[in-house]
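So the sequences go chain by chain: A and B.
For the first sequence, the positions run 6 to 127 when this note's numbering is used.
For the second sequence, the positions run 5 to 141 when this note's numbering is used.
See below for the structure under consideration.
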Amino acid sequence: MVLGAVIGGFIAVTFLSDGSVIDLNAKTVSDLNELGFKNAGATLLPPEIYNWTSVWSLKGLLILIGAGFIVGFGTRYAGGCTSGHAITGLSNLQWPSFIATIGFFIGGLLMIHVLFPLIFAS
Amino acid sequence: MKLLKFLFVGIFFGIVLVKSEAVSWYRIFEMFKFQSFHMYGIIGSAVILGILAIWVIKKTQLKSIENEPITIPPKDKGMFRLLIGGTIFGLGWALAGACPGPMYILVGTGVFSMLLVIGGAILGTFVYGIVRDKLPH
């Protein structure tokens with residue numbers, strides 16, 4: 006299934022895309038601009054984080070490996086991720102999944118509203 | 005054949021998540037800023053459909069395509085692990101702009117630096133395994 010997901014991603018961008026940009030809220034684009042992210046929505050992911058030139062710096066490496074680390078750690082600690090808790094857990098009306106989803110949002114809101122200005126604003 | 009069905013589900017999952025833009029870092033940022041209905045629409049419709057599907061599966065005791073009963077194990081409880089673990093996950097989700105499934109899909113779209121995030125995630129699950137007995141759950 007993991008291999009399938011990789012192939013699915015490849016098929017979607019290679020054969021099923023017309024190169025159109027992501028139609029983000031204009032406010033989102035200007036908020037991102039203030040944080041140093043230009044051309045928001047032109048690609049799926051920001052080159053400011055995922056381009057090799059951004060990756061090969063101490064900060065760039067720490068962001069990617071650190072983000073991955075806490076996703077992996079948090080997934081196991083909470084006993085599930087977005088699909089395990091927020092989608093299938095809620096679909097199965099699981100109370101623990103509802104609490105975990107609240108946790109996902111506490112973390113996400115904290116990162117975007119409090120930590121992003123500290124990490125990215127120049 | 006048995007593996008092939010997983011492959012097809014994976015391919016379908018990958019295409020849907022790319023085309024719905026759910027794998028986009030920008031969409032996740034926008035969601036946490038409450039500036040668009042986009043991601044809430046995706047997650048909300050997935051949950052509504054999921055509730056219906058699981059209700060039908062339980063009601064009719066539907067069998068899988070291998071003619072075996074479908075069982076969905078209940079989630080583990082524990083307020084601390086759910087809230088703190090969930091918060092840790094959320095911090096990483098917003099920073100990387102990807103949760104575990106989309107990480108692999110994004111490698112397929114050609115973003116090979118995502119392999120570093122995957123490496124970090126595997127390390128994270130490994131470290132959890134080491135320290136789990138010392139953590140409150």
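Where is the CB? At the ideal position from N, CA and C, for every residue including glycine.
Since the model is a prediction, treat every value here as computed from it, not as a measurement.
(message) Going by DSSP, what residue range makes up the alpha helix (DSSP H) through A:Asp36?
(response) Your numbering for residue 36 of chain A matches position 31 in the first sequence. Counting along the chain, the alpha helix (DSSP H) containing A:Asp36 begins and ends at Ala31 to Glu39.
(message) For a contact defined as C-beta to C-beta under 7 Å, what are the partners of A:Asp36 on chain B?
(response) For the purposes of this step, residue 36 of chain A is identified with residue 31 of the first sequence, where counting begins at 1. Result: Lys37.
(message) Please classify B:Leu7 as buried or exposed, where buried requires at least 16 other C-beta atoms within 10 Å of its C-beta.
(response) Locating residue 7 of chain B in the second sequence gives position 3, where the first residue counts as 1. That one is exposed.
(request) Report the three-state DSSP secondary structure of B:Lys62 (helix, strand or coil). (result) Within the second sequence, numbered from 1, the residue matching residue 62 of chain B stands at position 58. In this structure, B:Lys62 counts as helix in the three-state DSSP scheme.
(request) Would you kindly work out how many angstroms separate the C-alpha atoms of B:Ile58 and B:Gly105, rounded to a whole number? (result) Here residue 58 of chain B refers to the residue found at position 54 when the second sequence is read from its first residue. Here residue 105 of chain B refers to the residue found at position 101 when the second sequence is read from its first residue. Those two C-alpha atoms are separated by around 21 Å.
(message) So A:Phe109 and B:Gly94 are supposed to be a Cβ contact under 8 Å. How far apart are they, rounded?
(response) Position 104 of the first sequence, counted from the start, is the residue given in the question as residue 109 of chain A. Position 90 of the second sequence, counted from the start, is the residue given in the question as residue 94 of chain B. Confirmed, Cβ separation roughly 4 Å.
(request) Out of A:Ala83, A:Gly9, A:Trp57 and A:Gly46, point me to the one whose CA is closest to B:Arg136's CA. (result) Residue mapping note: residue 136 of chain B aligns to position 132 of the second sequence, counting from 1. When each option's Cα is compared against that of B:Arg136, the closest is A:Ala83.
(request) May I ask which residues mark the beginning and end of the alpha helix (DSSP H) holding B:Ala100? (result) Position 96 of the second sequence holds residue 100 of chain B. Segment Gly90 to Ala100, the alpha helix (DSSP H) holding B:Ala100.
(request) Could you confirm whether any beta carbon from chain C is found closer than 7 Å to the beta carbon of B:Asp80? (result) Given the protein chain composition of this structure (A and B), no chain C is represented.
(request) Check the Cβ-Cβ distances between B:Gly90 and every residue of chain A, and say whether any is below 7 Å. (result) The count along the second sequence starts at 1 and reaches residue 90 of chain B at position 86. Interface residue, yes.
(message) Going by C-alpha to C-alpha distance, which of B:Met107, B:Val121, B:Lys9 and B:Gly101 sits closest to A:Gly14?
(response) On the first sequence, residue 14 of chain A is found 9 positions in, with the first residue counted as 1. For the residues B:Met107, B:Val121, B:Lys9 and B:Gly101, the minimum Cα distance to A:Gly14 belongs to B:Met107.
(request) Figure out for me which residue from A:Leu69, A:Gln99 and A:Cys86 has the closest Cα to the Cα of B:Pro78. (result) Translated into positions along the second sequence, residue 78 of chain B becomes position 74. The residue with the shortest Cα to Cα distance from B:Pro78 is A:Gln99.
(message) I need the boundaries of the alpha helix (DSSP H) containing A:Ser102, first residue and last residue.
(response) Numbered from 1 along the first sequence, position 97 holds the residue referred to as residue 102 of chain A. First-last of the alpha helix (DSSP H) with A:Ser102: Trp100 to Leu114.
(request) With 7 Å as the threshold, decide whether the Cβ of B:Ala125 is near any Cβ in chain A. (result) In the second sequence, residue 125 of chain B corresponds to position 121, counting from 1. Closer than 7 Å: yes.
(request) Using the Cα positions of A:Gly65 and A:Ser59, report the straight-line distance between them to the nearest angstrom. (result) For this step, residue 65 of chain A is matched to residue 60 along the first sequence. For this step, residue 59 of chain A is matched to residue 54 along the first sequence. In a straight line, the C-alpha of A:Gly65 is about 6 Å away from that of A:Ser59.
(request) Could you tell me whether the Cβ atoms of A:His90 and A:Thr106 are closer together than 7 Å? (result) Position 85 of the first sequence, counted from the first residue, corresponds to residue 90 of chain A. Position 101 of the first sequence, counted from the first residue, corresponds to residue 106 of chain A. Taking 7 Å as the Cβ cut-off, A:His90 and A:Thr106 qualify as a contacting pair.
(request) Please state whether DSSP places B:Pro73 in a helix, a strand or coil. (result) On the second sequence, position 69 is the one that residue 73 of chain B refers to. Residue state, collapsed to three classes: strand.
(message) Which residue marks the beginning of the alpha helix (DSSP H) containing B:Phe36, and which one marks its end?
(response) Along the second sequence, read from residue 1 onward, the residue named residue 36 of chain B stands at position 32. First-last of the alpha helix (DSSP H) with B:Phe36: Trp29 to Phe36.
(request) Give the straight-line distance between the Cα atoms of A:Ile104 and B:Asp80, rounded to the nearest whole angstrom. (result) For the purposes of this step, residue 104 of chain A is taken as residue 99 along the first sequence, with counting starting at 1. For the purposes of this step, residue 80 of chain B is taken as residue 76 along the second sequence, with counting starting at 1. Roughly 11 Å separates the two Cα atoms.
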